Amino acid sequence: VQLQASGGGLVQAGGSLRLSCEASGNIYRINHMGWYRQAPGKQRELVVVITGGGDTNYADSVKGRFTISRDNAKNMVDLQMNSLKPEDTAVYYCYALIRMSQYWGQGTKVTVSS
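Be aware that the sequence shown starts at 186, since it is given in this note's numbering, and climbs by one per residue.
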């Protein structure tokens, strides 16, 4: 199973970015997909996870600003990030839980300038 993420970049505070992630390989059914992030000098943290049924769990710090969407048929998730803040600067990792195994994408860097 491979997770391919895209969409990171540099944006000014208040701007928007959209991240995408596609899972490929020997996939029967993906339980959860989502995004984590890791800022310099900090631990990796949850951004948002979405179940196959569409239930979501957002970090408090991104509620109301970030929106996750999932296409089960395509094994894809998108993360729309609005009203970005400098503290959102991090490497964002796509995540998938498949049959109790965790998979991670390669990470895509998001930099928000003040």
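Every residue gets a Cβ at the ideal spot worked out from N, C-alpha and C, and that includes glycine. Because the structure is a prediction, the values reported are computed rather than measured.
Check                                                                                                                                                                              : Outcome
Which whole runs of the beta strand (DSSP E) in the stretch 190-254 are 3 residues long or more, in chain order?                                                                   : 194-197, 202-209, 217-223, 230-236, 241-243
Using DSSP bridges, identify the partner residues of D263.                                                                                                                         : S205, S254
Might you give, ordered along the chain, the residues of its own chain that have their beta carbon closer than 6 Å to the beta carbon of Q197, omitting 5 neighbours on each side? : S298
Contact defined as beta carbons within less than 8 Å: I believe K294 pairs with G193. What is the distance between those atoms, to the nearest angstrom?                           : 5 Å
If you follow the beta strand (DSSP E) that S286 is part of, which residue opens it and which one closes it?                                                                       : 286-289
Apart from the five residues just before and just after S268, which ones in its own chain have a Cβ nearer than 7 Å to its Cβ?                                                     : G199, R250
Spell out the partners DSSP gives K294 in its beta bridges.                                                                                                                        : V276
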